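Q: Starting off with a structure, shown below.
Number of protein chains: 2
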Amino acid sequence: MNIILLSGGSGKRLWPLSNDVRSKQFIKLFKTDDQQYISMVQRIYQQIRSVDPTASITIATAKSQVSSIRNQLGNQVNICVEPCRRDTFPAIALASSYLHDNKEIKKNEPIVVCPVDPYVETSYFHALKQLDALAEQSRANLTLMGIEPTYPSEKYGYILPETSDPVSKVHTFKEKPDLLSAQAYIQKGALWNGGVFAFRLGYLLEKAHELIAFTDYCDLYQNYSSLPKISFDYAVVEKETKIQVMRFSGEWKDLGTWNTLTEVMTEPVVGKAILNENCKNVHVVNELDVPVLCMGLKNIVVSASPEGILVSDKEQSSYIKPFVDQFSQTVRFAEKSWGSFKVIDVGENSITIKVTLNPGHQMNYHSHERRDEVWTVISGTGKAILDEKVQPIQPGSVITMPAGCRHTVIARTELQMIEVQMGKDIRIDDKQKHSLTCTE
Amino acid sequence: MNIILLSGGSGKRLWPLSNDVRSKQFIKLFKTDDQQYISMVQRIYQQIRSVDPTASITIATAKSQVSSIRNQLGNQVNICVEPCRRDTFPAIALASSYLHDNKEIKKNEPIVVCPVDPYVETSYFHALKQLDALAEQSRANLTLMGIEPTYPSEKYGYILPETSDPVSKVHTFKEKPDLLSAQAYIQKGALWNGGVFAFRLGYLLEKAHELIAFTDYCDLYQNYSSLPKISFDYAVVEKETKIQVMRFSGEWKDLGTWNTLTEVMTEPVVGKAILNENCKNVHVVNELDVPVLCMGLKNIVVSASPEGILVSDKEQSSYIKPFVDQFSQTVRFAEKSWGSFKVIDVGENSITIKVTLNPGHQMNYHSHERRDEVWTVISGTGKAILDEKVQPIQPGSVITMPAGCRHTVIARTELQMIEVQMGKDIRIDDKQKHSLTCTE
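First to last, the sequence lines map onto chains A and B. Take 37 as the starting number for the first sequence in the working numbering and just add one per residue. Take 37 as the starting number for the second sequence in the working numbering and just add one per residue.
What follows is the structure, encoded as structure tokens:
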């Protein structure tokens with residue numbers, strides 16, 4: 037199975053755990069059998085692998101998510117990077133031409149496109165395999181997955197099939213209806229549109245060339261920013277006549293808010309927390325290293341991260357976005373391809389961060405124009421390179437880097453450092469990358 | 037007026053704002069007219085000064101509180117340091133001999149003893165002055181303040197006066213009665229014991245010598261740890277026959293729990309926080325530099341500090357102590373005579389703290405046996421002294437101190453540094469003080 041996972045979203049609705057660089061799919065909330073916490077993207081990746089060990093998985097995503105994906109899924113997964121956000125039609129077109137031109141997938145091969153963030157069980161991936169087979173065998177150009185609705189939601193699009201058969205031609209679509217229309221649609225047998233599409237690669241490339249003038253993947257990539265924002269549903273699905281839908285009745289949840297997210301947490305607490313015996317229906321997700329104490333709370337979610345603290349009635353947790361918009365957008369923690377960092381102090385003309393490099397990894401060789409930096413190594417070993425000079429480092433090593441000094445660290449074991457940045461206007465975009473020749 | 041303020045308490049009930057070194061009286065929660073936040077001890081000190089500008093104020097307290105008091109009240113206030121905790125009778129005896137031997141207060145002068153933490157208005161201090169006058173003029177040996185009770189509390193001791201006159205002889209005492217007895221006592225005209233005592237200094241010294249074998253202040257100080265723990269009420273008050281009580285009917289509150297504390301907060305929020313319009317009777321005290329967002333909460337107090345986060349129903353906030361006892365007792369922030377510090381990261385073999393020195397102040401000249409330290413100056417100027425060598429420091433200065441290196445910093449302007457401590461067993465008691473001759 038060739039599968040494209042669409043990984044989008046900026047994730048203010050799960051503040052303070054999601055931020056501008058960590059979308060909800062990267063939050064580690066799901067406990068595995070071996071007591072590890074994994075994220076949505078790790079969970080779905082493992083689920084696909086368990087159902088189809090040889091699946092070719094490609095993640096279509098923005099540049100800003102590449103580090104998190106590499107951190108959580110490693111270097112094996114294919115990533116098709118969108119140079120900027122242009123909605124789902126350009127994203128699927130780009131990923132399709134990437135698969136054709138770079139991965140040499142043939143035009144008659146079926147492709148399944150699926151969002152990265154539904155909360156589902158294994159049955160969902162068996163259904164994706166059926167969808168894959170349908171796309172290959174049937175005469176329809178497009179095969180969708182229709183989720184059997186559990187309530188008349190106003191949040192989803194609806195697909196009305198012609199029949200109640202497991203696979204049926206599509207009669208009509210209805211975008212996010214109001215409550216009454218949703219009820220009426222469900223009575224007529226409508227299904228939720230789960231955002232899953234299966235097609236033969238050639239079909240999609242044909243559609244892409246119809247709507248976008250481009251020669252190949254590289255050309256499309258280079259001109260990506262000039263494309264209009266348009267959804268796949270609007271550009272392709274709603275105009276296609278040879279289209280069918282396959283019913284899916286297994287568990288399917290959209291974990292977009294704290295309220296829905298806490299429903300699927302296996303335990304009430306992730307992180308350090310104590311709930312007294314008078315707490316009822318309380319969930320705590322605490323990413324800080326100090327404890328949360330909850331006394332006598334009812335129907336409340338508490339979440340704490342280096343970016344802030346949320347204490348919300350569960351019902352009202354769906355409405356946090358406009359309030360979160362008021363907070364400063366400084367990112368205070370992030371996972372990178374090489375490890376992670378966490379802001380531990382913000383001064384007037386300084387920022388102090390804790391940097392963790394994974395064994396064998398290194399950060400980009402870079403310099404800053406408007407800030408000096410000091411590293412104090414607190415654990416692990418490796419080497420630092422400053423202006424092409426290599427030096428071994430270990431706990432207690434102190435490295436000072438005036439503005440302009442090119443620098444990087446290569447971790448031998450897991451390596452942690454306290455980095456003090458000092459300057460008048462410390463900005464994340466003050467970073468010049470350099471190529472590095474020597475590493476010995 | 038000579039006044040001894042008894043400053044005690046360790047303060048688990050106001051966790052996470054109080055800890056082993058910061059008792060509740062040092063938490064800055066009270067907004068002044070010029071929009072500054074002050075603590076209970078600062079508030080009571082200012083109130084005494086406003087009523088009696090020439091009052092001689094002595095604070096009787098433990099060693100662990102001296103830094104906080106110097107930080108908040110400066111160097112002018114007298115501090116009588118108890119070498120260890122021995123309850124109120126030894127504390128008052130020590131402070132009394134301190135006043136007689138070190139401050140040359142005469143034996144016929146009146147002394148007023150008062151706890152440092154009642155939440156009161158100016159009228160209370162006018163009452164203290166009356167108490168002072170009564171102690172000087174009357175034939176009673178002891179004059180107490182009786183607070184007119186507002187409800188049958190089981191938390192306080194009761195004083196039953198012989199008459200309902202403003203000043204009356206005491207009939208009997210009753211320690212913390214049950215609810216029914218409290219109701220009965222109040223019906224008989226009993227008053228709460230507010231822990232305020234006035235006496236002539238000579239009387240107290242006589243009592244002290246009766247019960248403790250000592251020659252003078254120094255002798256008492258040196259043998260302090262051998263004294264039994266005994267309260268002033270038990271040792272003196274309940275045995276005295278020439279004793280009177282003065283009624284006080286002004287505002288008097290004991291802010292021992294979050295519930296009572298939030299009642300006197302002038303605004304619902306101290307620190308960074310947003311409450312949505314569906315919050316009712318919610319208070320937030322946030323000492324972190326990231327925001328707290330509250331949505332749809334009712335009757336809840338939220339408090340956050342570098343030591344943890346409390347989210348509690350207000351009623352239940354009185355019962356946090358046993359839960360707080362389960363948390364590690366590592367102090368993560370403290371005010372010192374020279375400034376303050378805050379733990380910003382704890383690693384396996386490292387602790388990183390942010391140190392702030394007030395202008396003109398310096399820390400003790402000291403060394404550590406089992407840890408190395410690195411300072412990175414992030415703001416301000418001053419000088420560092422390492423093994424008797426003086427060097428100027430400024431933002432960007434990096435100072436490395438291997439174990440054994442004697443070191444201090446003298447701040448010229450307000451000075452902030454990131455201090456990384458590294459070692460296998462970092463302990464607060466691994467600190468050797470040294471005397472310093474050179475500072476130039």
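Ideal placement from N, C-alpha and C gives every residue a C-beta, glycine not left out. A quick note: this is a predicted structure, and the numbers were derived from the prediction, not measured.
1. Counting only the same chain and skipping the five closest in sequence on each side, list residues whose C-beta sits under 6 Å from that of I446(A).
2. Per DSSP, which residues does N177(B) bridge with? Please list them.
3. Tell me whether the beta-carbon of T94(A) lies closer than 9 Å to the beta-carbon of I40(A).
4. Quick one: which chain A residues come within Cβ less than 8 Å of P342(B)?
5. Run through chain A and tell me which residues come within less than 9 Å of S133(B), C-beta to C-beta.
6. Thinking C-beta only, is P126(A) closer than 9 Å to I248(A)?
7. Check whether chain A comes within 9 Å of G375(B), counting only Cβ atoms and requiring the distance to be less than that.
8. Does the stretch 128-141 of chain B come into contact with the stretch 213-220 of chain B, if we say contact requires no fewer than three beta-carbon pairs (one atom in each stretch) closer than 8 Å?
9. I'd like the list of long-range same chain contacts for R79(A), defined as Cβ closer than 7 Å, with 5 residues on each side in sequence excluded.
10. Name, going along the chain, the residues of the stretch 434-457 of chain A whose beta-carbon falls closer than 7 Å to a beta-carbon of chain B.
11. Please list, in chain order, all residues of the same chain as L324(A) whose beta carbon is under 6 Å from its beta carbon, the five residues on each side excluded.
12. Which whole runs of the beta strand (DSSP E) in the stretch 360-444 of chain A are 3 residues long or more, in chain order?
13. How is Q12(A) classed by DSSP in three states: helix, strand or coil?
14. Counting only beta-carbon separations shorter than 9 Å, does I336(B) have a partner in chain A?
15. How would you list, in chain order, the residues of chain A whose beta-carbon sits under 8 Å from the beta-carbon of P431(B)?
16. Tell me which residue opens and which closes the beta strand (DSSP E) that S204(B) is part of.
17. Is there a C-beta anywhere in chain A that falls below 9 Å from the one on P52(B)?
18. Using Cβ-Cβ distances below 9 Å, what residues of the stretch 339-370 of chain B are close to chain A?
19. Near S92(B), what residues of its chain come up, given a Cβ to Cβ distance below 6 Å and the 5 sequence neighbours on each side ignored?
20. Give me, in chain order, the residues of the same chain whose beta-carbon lies closer than 7 Å to that of K243(A); leave out the 5 immediate sequence neighbours on both sides.
21. Could you please give me the residues that DSSP links to W228(A) through a beta bridge?
22. If you follow the alpha helix (DSSP H) that F125(A) is part of, which residue opens it and which one closes it?
23. Can you list the residues of chain A that N312(B) reaches, using a CB-CB cut of under 9 Å?
24. In chain order, what residues of the same chain lie with their CB nearer than 7 Å to the CB of R283(A), ignoring the 5 residues before and after it?
25. Which of the three DSSP states is assigned to P151(A) in this structure?
26. Is there a Cβ of chain A sitting closer than 9 Å to that of C330(B), yes or no?
27. State yes or no: is the beta carbon of K403(A) nearer than 9 Å to at least one beta carbon in chain B?
28. Okay, do the stretch 109-116 of chain A and the stretch 192-200 of chain A touch, 3+ Cβ pairs below 8 Å being the bar?
29. With a cut-off of 9 Å, does the C-beta of L291(A) fall near any C-beta of chain B?
30. Closest by CA to Q71(A), which one among E246(A), G307(A) and D408(A)?
31. DSSP on V113(B), reduced to helix/strand/coil?
32. Just to confirm, is the Cβ distance from Q294(B) to R122(B) under 9 Å?
33. Skipping 5 residues on each side, what residues in its chain have a beta carbon closer than 6 Å to that of S348(B)?
34. Note down, in chain order, each residue of its chain lying with its Cβ closer than 7 Å to the Cβ of G238(B), except the 5 sequence neighbours on either side.
35. Could you confirm whether any beta carbon from chain B is found closer than 9 Å to the beta carbon of L333(A)?
36. Can you tell me which of the three DSSP states T68(A) falls into?
A: If we stick to the structure as given:
1. Residue numbering aside, residue 446(A) sits at position 410 when the first sequence is read from its first letter. Residues of the same chain with a CB within less than 6 Å of the CB of I446(A), apart from the 5 flanking positions on each side, are Q398, G418 and K419 in chain order.
2. Within the second sequence, the letter at position 141 stands for residue 177(B). Bridge partners of N177(B): none, in fact.
3. For the purposes of this step, residue 94(A) is taken as residue 58 along the first sequence, with counting starting at 1. For the purposes of this step, residue 40(A) is taken as residue 4 along the first sequence, with counting starting at 1. Yes; because the gap between Cβ atoms is below 9 Å, this pair is in contact.
4. As a first step, residue 342(B) is located in the second sequence; it is residue number 306 there, counting from the start. Neighbourhood of P342(B) in chain A, by CB distance below 8 Å: V326, in chain order.
5. Within the second sequence, the letter at position 97 stands for residue 133(B). The contacting residues do not exist; S133(B) stays about 42 Å from chain A at best.
6. Residue mapping note: residue 248(A) aligns to position 212 of the first sequence, counting from 1. Residue mapping note: residue 126(A) aligns to position 90 of the first sequence, counting from 1. The Cβ atoms of I248(A) and P126(A) sit closer than 9 Å to each other.
7. Here residue 375(B) corresponds to residue number 339 of the second sequence, with the count starting at 1. With 9 Å as the cut-off, G375(B) does not count as an interface residue toward chain A.
8. Result no; under three Cβ-Cβ pairs closer than 8 Å.
9. Within the first sequence, numbered from 1, the residue matching residue 79(A) stands at position 43. The residues are F66.
10. From the stretch 434-457 of chain A, only V434, T436, Q452, I454 and V456 have a Cβ closer than 7 Å to chain B.
11. Reading the first sequence from its first residue, position 288 is the one you call residue 324(A). Taken in chain order, the residues that qualify are A340.
12. Counting only runs of 3 or more, we get 369-372, 375-382, 386-393, 408-415, 418-422, 425-429 and 434-437.
13. The structure shown does not extend to residue 12(A), since chain A is modelled only from 37 through 476, so no value can be given for it.
14. Translated into positions along the second sequence, residue 336(B) becomes position 300. Under the Cβ criterion of 9 Å, I336(B) is counted among the residues facing chain A.
15. As a position in the second sequence, residue 431(B) is number 395, starting the count at 1. Using a Cβ-Cβ cut-off of 8 Å, P431(B) is close to N385, S386 and M458 of chain A, given in chain order.
16. Residue mapping note: residue 204(B) aligns to position 168 of the second sequence, counting from 1. For S204(B), the enclosing beta strand (DSSP E) starts and ends at V203 to K210.
17. Your numbering for residue 52(B) matches position 16 in the second sequence. Chain A contact via Cβ: present.
18. Answer in chain order: A340, S341, P342, E343, G344, I345, L346, V347, S348, D349, K350, E351, Q352, S353, Y355, I356, F359, V360, Q362, F363, S364 and R368.
19. Residue mapping note: residue 92(B) aligns to position 56 of the second sequence, counting from 1. Taken in chain order, the residues that qualify are N38.
20. What you label residue 243(A) is simply residue 207 of the first sequence in a count that begins at 1. Counting only residues of its own chain and dropping the five nearest sequence neighbours on each side, K243(A) has a CB closer than 7 Å to the CB of V272.
21. The residue you call residue 228(A) lines up with position 192 of the first sequence. Looking at the DSSP assignment, W228(A) forms a beta bridge with I183(A) and Y194(A).
22. For this step, residue 125(A) is matched to residue 89 along the first sequence. Boundaries of the alpha helix (DSSP H) harbouring F125(A): T124 to D137, taken from the DSSP string.
23. Within the second sequence, residue 312(B) is the residue found at index 276, counting from 1. Correct list: S348, Q352, Y355, I356 and F359.
24. The count along the first sequence starts at 1 and reaches residue 283(A) at position 247. Here the set comprises G182, E184, P202 and L227.
25. Looking up residue 151(A) in the first sequence gives position 115. DSSP places P151(A) in strand when its eight states are reduced to three.
26. Walking along the second sequence from the start, residue 330(B) turns up at place 294. Output row for C330(B): interface = yes.
27. To locate residue 403(A), count along the first sequence from 1; it is residue 367. The sequence as given places Ser at residue 403(A); Lys does not occur at that position. Contact of S403(A) with chain B is not assigned, every C-beta pair being separated by 9 Å or more.
28. Flag = no, the stretch 109-116 of chain A and the stretch 192-200 of chain A do not touch.
29. In the first sequence, counting from the first residue as 1, residue 291(A) sits at position 255. Contact of L291(A) with chain B is not assigned, every C-beta pair being separated by 9 Å or more.
30. Here residue 71(A) is taken as the residue at index 35 of the first sequence, counted from 1. Of the candidates E246(A), G307(A) and D408(A), the one whose C-alpha sits nearest the C-alpha of Q71(A) is G307(A).
31. Within the second sequence, numbered from 1, the residue matching residue 113(B) stands at position 77. Shown here, V113(B) sits in coil according to DSSP, grouped into three states, outside any helix or strand.
32. Working through the second sequence from its first residue, we reach residue 294(B) at position 258. Working through the second sequence from its first residue, we reach residue 122(B) at position 86. Before going further, note that residue 294(B) is Trp rather than Gln in the sequence given. Between W294(B) and R122(B), the C-beta gap is not smaller than 9 Å, which leaves the two residues out of contact.
33. Here residue 348(B) refers to the residue found at position 312 of the second sequence. Excluding positions up to five away in sequence, the list reads V337.
34. Within the second sequence, numbered from 1, the residue matching residue 238(B) stands at position 202. Taken in chain order, the residues that qualify are K143 and N144.
35. Indexing the first sequence from 1 puts residue 333(A) at position 297. Chain B contact via Cβ: present.
36. Residue numbering aside, residue 68(A) sits at position 32 when the first sequence is read from its first letter. Coil.
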